[in-house]
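Residue 233, in full-length UniProt numbering, is where the sequence shown stops; the numbers in between run on with no holes. Note sheet for the following structure.
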Amino acid sequence: MPMTSFSSISHQLNGVQEHRHSPLLSSRPVSSGVRSGYEAIYPSPSKPRRESVFFLAQTPKPIDFHSAEAQEAMEVLRRLLCPVIMRRVLRIRKRKRWPGENAMRVYTTNSIHHALRSSDSIIADWPDEVFTLIAEEALYFYLEPNEIIVYTNESYISSGVVVLLYGEVKEQKDHLDSSTSLTRPQICRHVAPAVFCDQAVLCRDVSTSLIAANGYADVAVYLLDVIVVRFTA
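So this is what it looks like as structure tokens:
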């Protein structure tokens, strides 16, 4: 029986045929260029093939700020943001708040609840659950003399429902004089407790008056415009 060279015999291991390499083959690693070309033609099943996705860049359309639509949008932003910016600027310019004996007062949910219930507002007879919601989410502002809290024609979005907890505020409205047909400012003073801008918020309108502190005053502001939806459903 003829003997066959051991190097020429193919060994079967678990169904996979293993061939021994010839000594003529180089043991040096394959260069990266050859390897990348080989993998491009015969991709490895263990490595997912990555595909490049290209997006076409689109040139943004220029905005014409002199158009009627742009001017109308700027006017709406001006009406909504100017009161908020003005209040921020006034707080930055103020001196140190409540110096000396004028310590900041601390209020609870019962304080707002009592102020709402005892006022002559149109929401004074609302359920206690609504007052609790307003008291829990209200923002407190400690006003100095002549500091403005609500501007004339300010949107209900930024004004909110204003509850006067301490002190006195002055409300300025434009009054039409029937004798002269001229508009004159009319100033009314209100002491705590009092509620303002409730009608503007319920009607989603603008404030018809300017409200400023007449001396030191504390107010709570509820900024959300819809406050009874969850209780009237």
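Just so it is clear, CB atoms sit at the ideal spot from N, CA and C, and this is done for glycine as well. Only a predicted model underlies this, so the values are computations on that prediction, with no experimental measurement involved.
Report the residue ranges of all beta strand (DSSP E) runs contained in full by the stretch 133-171; include only those spanning at least 3 residues, in chain order.
139-143, 148-150
Which whole-angstrom value is the C-beta distance of Asn-110 and Glu-168, which I expect to be below 8 angstroms?
Wrong, their Cβ atoms sit about 22 angstroms apart, outside the cutoff.
Beta-carbon proximity list for Pro-62, same chain, < 6 angstroms, skipping 5 on both sides
None.
Whether or not the stretch 75-82 and the stretch 109-126 are in contact is what I'm after, with contact meaning three or more pairs of Cβ atoms, one per stretch, closer than 8 angstroms; do they touch?
no
Does the Cβ-Cβ distance between Val-219 and Val-130 come in under 8 angstroms?
no
Local Cβ density within 10 Å of Pro-193, reported as buried at 16 or more and exposed below that:
buried
CA-to-CA distance, Ser-207 to Ile-157, given in whole angstroms:
10 angstroms
Burial state of Asp-174 (16 or more Cβ within 10 Å)
It counts as exposed.
Could you please give the first and the last residue of the uninterrupted alpha helix (DSSP H) stretch that includes Ala-220?
Looking at the DSSP string, Ala-220 is not in any alpha helix (DSSP H); the run it does join, the beta strand (DSSP E), is 209-222.
Are three or more beta carbon pairs between the stretch 182-201 and the stretch 106-122 nearer than 8 angstroms?
Flag = yes, the stretch 182-201 and the stretch 106-122 touch.
Ordered along the chain, which non-local residues of its own chain (more than five positions away) have a Cβ less than 8 angstroms from that of Thr-132?
Cβ within range, chain order: Thr-109, His-113.
Could you pull out every residue in the same chain whose Cβ sits closer than 7 angstroms to the Cβ of Asp-64, ignoring the five residues on either side in sequence?
Ala-70
Helix or strand or just coil, what does DSSP make of Ile-187?
The answer is strand: DSSP assigns Ile-187 an E or B state.
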